[in-house]
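Here's the structure we're looking at; comments come further down.
In my numbering, the protein residues as written are 29 to 164.
So this is what it looks like as structure tokens:
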């Protein structure tokens, strides 16, 4: 059984999270520049056993797609093309950034550290992955 990798896609930065080998816990992995995402994914899955990629889809309160969805769909299409053996799952990511900020506050993180958007992106990816794991 391979790991599950989660993506919190952004126009400039993308947060990543991954499960442990037994798929019990979700852990923030890193934040990378979005332009480097596909190359990074290909490298990562070449040396780590990953069975599934969960990509967050931001929806509005009324359930409609947000403005970022066309870029996410294009990225997803490239992932499917370059990693055809990989199962890719779309997952609703409403409020993940808000939840990430709340978790940072609850964890006692200093305001200056909470302003680091890369940390927020990693934690948002972790929240997406935790939500997906709970659904299984």
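Here a beta-carbon is modelled for each residue, glycine too, at the ideal position from N, C-alpha and C.
None of the values given here were measured: they were computed from a predicted structure.
Go ahead and label residue i buried or exposed: buried means 16 or more other beta carbons lie within 10 angstroms of its beta carbon, across all protein chains shown.
i	result
residue 32	buried
residue 107	buried
residue 92	exposed
residue 64	exposed
residue 102	exposed
Determine the direct distance from the alpha carbon of residue j to that of residue i, and round the result to whole angstroms.
i	j	result
residue 62	residue 109	17 Å
residue 118	residue 111	16 Å
residue 95	residue 79	29 Å
residue 163	residue 85	16 Å
residue 38	residue 113	24 Å
residue 87	residue 72	28 Å
residue 55	residue 156	11 Å
residue 170	residue 120	Nothing in the structure corresponds to residue 170, since the chain is present only between 29 and 164.
residue 97	residue 74	27 Å
residue 161	residue 53	8 Å
residue 60	residue 76	18 Å
residue 90	residue 69	32 Å
residue 115	residue 147	26 Å
Can you tell which of the options has the C-alpha that lies nearest to the C-alpha of residue i?
i	options	result
residue 81	151, 147 and 104	104
residue 57	151, 97 and 159	151
residue 29	68, 50 and 45	50
residue 40	100, 70 and 115	100
I want to see whether chain B comes within less than 8 Å of residue i, judged by CB atoms only; does it?
i	result
residue 158	The structure shown has no chain B; it contains just one protein chain.
Could you check how far apart the C-beta atoms of residue i and residue j are, in whole angstroms? I think they sit under 8 Å.
i	j	result
residue 149	residue 47	Not really, about 18 Å apart at Cβ, beyond 8 Å.
residue 153	residue 67	Between residue 67 and residue 153 the Cβ distance is about 18 Å, and since that is not below 8 Å, they are no contact.
(message) Going residue by residue through the stretch 51 to 84, where are the continuous beta strand (DSSP E) segments of at least 3 residues, counting only ones entirely within it?
(response) 54 to 61
(message) For a minimum of 3 consecutive residues, which ranges assigned as the beta strand (DSSP E) are wholly contained in the stretch 98 to 126?
(response) 115 to 120
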